[in-house]
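Read the structure below first, then the notes.
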Amino acid sequence: MAGRRDFSQEAHRPMIGVLRRPRTRLAHLTRALTMSVFSRQRQFITLKPLDGDAGSPAPPLTDGRTECLIVDSPEALDDLATEISASFRDSVAALKARVARGCVVCLARRPRVDGVGSVVVGYEIAERGVFSALGRRIAVSGDVVFSHYVEVLPEYRGQRIHRLLFSTRDSYFRQRGGRVVCGVCAPRNHASLQALRRDGATIVGTVERISLLRVFVLSYTPSDRITQLFAGAERNGADART
Ligand SMILES: CC(C)(COP(=O)(O)OP(=O)(O)OC[C@H]1O[C@@H](n2cnc3c(N)ncnc32)[C@H](O)[C@@H]1OP(=O)(O)O)[C@@H](O)C(=O)NCCC(=O)NCCS
Numbered sequence: 006m007a008g009r010r011d012f013s014q015e016a017h018r019p020m021i022g023v024l025r026r027p028r029t030r031l032a033h034l035t036r037a038l039t040m041s042v043f044s045r046q047r048q049f050i051t052l053k054p055l056d057g058d059a060g061s062p063a064p065p066l067t068d069g070r071t072e073c074l075i076v077d078s079p080e081a082l083d084d085l086a087t088e089i090s091a092s093f094r095d096s097v098a099a100l101k102a103r104v105a106r107g108c109v110v111c112l113a114r115r116p117r118v119d120g121v122g123s124v125v126v127g128y129e130i131a132e133r134g135v136f137s138a139l140g141r142r143i144a145v146s147g148d149v150v151f152s153h154y155v156e157v158l159p160e161y162r163g164q165r166i167h168r169l170l171f172s173t174r175d176s177y178f179r180q181r182g183g184r185v186v187c188g189v190c191a192p193r194n195h196a197s198l199q200a201l202r203r204d205g206a207t208i209v210g211t212v213e214r215i216s217l218l219r220v221f222v223l224s225y226t227p228s229d230r231i232t233q234l235f236a237g238a239e240r241n242g243a244d245a246r247t
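So the mapping is simple: my numbering equals the position in the sequence shown, first residue as 1, plus 5.
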């Protein structure tokens with residue numbers, strides 16, 4: 006009896022799909038129309054001084070299973086290309102182009118399950134001297150490090166790999182005069198906000214872009230406020246060291 010009910014549901018599934026599709030299409034159309042008339046994007050600005058708290062222990066660079074390494078030349082990325090999953094947002098070619106333009110990529114690797122070689126399970130892209138959000142780039146002091154993007158493969162999330170990537174990146178830039186790390190994060194990205202909070206970053210402001218009729222675009226990036234924030238973070242860092 007149960008089998009028969011499943012069978013009839015199965016038989017009706019294509020029909021239900023067809024009936025639902027126009028409604029889904031209408032919803033998509035309505036959203037696209039609304040977005041073309043008005044859209045508002047907002048991101049939090051996060052900030053973390055690289056001096057950290059002198060009293061607290063340095064964050065770990067490995068968890069015993071994960072190895073993080075810095076790639077700051079396109080050739081170094083070539084050597085690791087076969088370990089980088091095609092399911093990441095950025096392809097190897099895109100990462101290479103970023104590195105060629107001055108970005109630094111941190112890769113997190115784990116040994117393969119079959120024990121043969123390693124697999125890249127996460128990466129982070131950072132760049133110094135720039136603040137970038139919602140399609141705009143602002144030149145800032147060279148000791149400011151901007152975190153463009155971080156991603157961990159879904160099956161490895163929740164294992165604090167984000168923290169290892171960030172601490173490896175921080176150590177690299179600290180040794181090269183980096184003073185503060187900043188980034189932007191969508192207010193709805195709870196996983197990222199949680200990870201950033203745990204890493205010691207705080208939300209210090211927002212950037213916003215409002216688009217009206219796609220013709221009139223009011224792009225709001227408070228560049229002077231951003232410069233002030235970085236100057237403040239650097240001053241605080243200097244105060245803490247004296
Ligand atoms: C943001 C991201 C990099 C965090 O990496 P991570 O190594 O999983 O970080 P953490 O282990 O510290 O987990 C952070 C939070 O993710 C959430 N999380 C935990 N397990 C998860 C899972 N299996 N799937 C999704 N999110 C999970 C939790 O909220 C966790 O915080 P909590 O443990 O305090 O509850 C990862 O979720 C990701 O790649 N997201 C997609 C890309 C993205 O949004 N990048 C940031 C944009 S700049």
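Note that CB positions come from ideal geometry on N, CA and C, so glycine has one too. None of these values were measured; they are calculated from a predicted model.
Query raised in the report: Between the C-alpha atoms of Leu234 and Arg214, what's the straight-line distance to the nearest angstrom?
Result: For the purposes of this step, residue 234 is taken as the residue at position 229 of the sequence shown. For the purposes of this step, residue 214 is taken as the residue at position 209 of the sequence shown. Using only the alpha carbons, I get a separation of about 20 angstroms.
Query raised in the report: Comparing alpha-carbon positions, which option in Val185, Arg202 and Asp204 lies nearest Gly134?
Result: Position 129 of the sequence shown holds residue 134. The shortest C-alpha separation from Gly134 is found at Val185.
Query raised in the report: Under the rule that 16 or more other beta-carbon atoms within 10 Å means buried, what is Gly140, buried or exposed?
Result: As a first step, residue 140 must be located in the sequence shown, where it is residue number 135. Burial call: exposed.
Query raised in the report: With which residues is Pro54 paired in a DSSP beta bridge?
Result: Reading the sequence shown from its first residue, position 49 is the one you call residue 54. Pro54 is bridged to Val185.
Query raised in the report: Roughly how many angstroms separate the alpha carbons of Ala138 and Pro192, rounded to a whole number?
Result: Here residue 138 corresponds to residue number 133 of the sequence shown, with the count starting at 1. Here residue 192 corresponds to residue number 187 of the sequence shown, with the count starting at 1. Roughly 14 angstroms between the two C-alpha positions.
Report task. Less than 8 angstroms between the CB atoms is what I'm expecting for Val104 and Leu82, so what's the real figure, rounded? Result -> Counting from one through the sequence shown, the residue named residue 104 turns up at place 99. Counting from one through the sequence shown, the residue named residue 82 turns up at place 77. Yes, they are in contact, since the Cβ atoms of Val104 and Leu82 sit about 6 angstroms apart, within 8 angstroms.
**Report entry** With 16 other Cβ atoms within 10 Å as the buried cut-off, status of Glu132
**Finding:** Working through the sequence shown from its first residue, we reach residue 132 at position 127. Buried, because 16 or more other Cβ atoms sit within 10 Å of the Cβ of Glu132.
Query - Cβ pair Arg115, Thr71 closer than 8 angstroms - result: Numbered from its first residue, the sequence shown carries residue 115 at position 110. Numbered from its first residue, the sequence shown carries residue 71 at position 66. In this structure, Thr71 lies closer than 8 angstroms to Arg115 by Cβ.
**Report entry** Glu80 - containing alpha helix (DSSP H), residue span
**Finding:** As a working mapping, residue 80 is identified with position 75 in the sequence shown. Pro79 to Leu85 is the extent of the alpha helix (DSSP H) around Glu80.
Requested in this report: For Leu218, I'd like the list of residues in its chain whose CB is within less than 7 angstroms of its CB, leaving aside the five on either flank, ordered along the chain.
Outcome: Residue numbering aside, residue 218 sits at position 213 when the sequence shown is read from its first letter. These residues qualify, in order along the chain: Val42.
Query raised in the report: Going straight from the alpha carbon of Arg230 to that of Arg203, what length do you get?
Result: By one-based count along the sequence shown, residue 230 stands at place 225. By one-based count along the sequence shown, residue 203 stands at place 198. In a straight line, the C-alpha of Arg230 is about 25 angstroms away from that of Arg203.
**Report entry** Three-state class that DSSP yields for Leu198 in the structure shown
**Finding:** In the sequence shown, the residue the question calls residue 198 occupies position 193. Here Leu198 sits in helix by DSSP.
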